[in-house]
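Everything in the sequence shown is counted per this note's numbering, starting at 9 for the first residue and increasing by one. A virtual CB, placed ideally from N, CA and C, is assigned to each residue, including glycine. Below is one structure; the comments refer to it alone.
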Amino acid sequence: MTERVLILALGATRKRAVVEDAAEVVAGGGSVTVLISSAADWRRERFAPGVRVVDLAALEGRRFALRAERAVLFRAPGRAFRVIGRGPLSGWAKRAGRAYERRIAERVHRRLFQPVYHRMRRSDLPQRLADQVVAEVAADLLVVSDPASIPLAARIVRQAPVAPRVGYGLPYLATGA
């Protein structure tokens, strides 16, 4: 098997099957890309060497607006608390810094920034990032590993000039089902 395989695992519900399918493709001499929604869901899983794992959350986090928001809400106040916390005020500054992040910065991020940001981006940013990855990979085989990946897979098949073979796992693709 020397094909290019794209495994969609946005829901992270079939982790073991995804890891095994990816290892099988690499062992067969193929190239494999696994598209996930968040690396936090996969922190306990170990992919075989040669498996390219693309994290949509990390790609989204590289956007300028998110980096700027992090700098204003978290990094700058954190530095200020560290400067103030030198010397006799160190205990107070640590407690105040943690309280600021928990009570103010995280709430502003969750309740104000995220809704506005997603409304401005029309909430299609994850889909556009996924489309970029799909265009880069140009897969021969598309493995839809969980129900959360079905809408993206349907869009890939609709938009591709030459639709890749699609299956729920490598065993299904091997048997032609």
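- A residue is called buried once 16 or more other Cβ atoms fall within 10 Å of its Cβ, and phenylalanine 89 is buried on that count.
- A direct Cα-Cα distance of roughly 42 Å separates serine 39 from arginine 115.
- Of the candidates Leu74, Trp100 and Gly99, Leu74 places its Cα closest to the Cα of leucine 120.
- For the pair alanine 101 and glycine 93, the CB atoms are nearer than the 9 Å cut-off.
- Put simply, of Gly19, Ala31, Lys23 and Ala20 the residue whose alpha carbon is nearest the alpha carbon of valine 13 is Ala31.
- Arginine 78 carries a helical assignment under DSSP once its states are collapsed to helix, strand and coil.
- In this structure, DSSP gives leucine 18 a state outside helix and strand, which the three-state scheme calls coil.
- Membership of arginine 24 in the alpha helix (DSSP H) is indicated by the continuous run 23-35.
- Here the C-alpha atom of glutamate 53 lies approximately 14 Å from the C-alpha atom of glycine 19.
- Looking at Pro155, Ala107 and Leu150, the one whose alpha-carbon comes closest to that of alanine 168 is Leu150.
- Bounds of the alpha helix (DSSP H) holding glycine 99 are 98-108.
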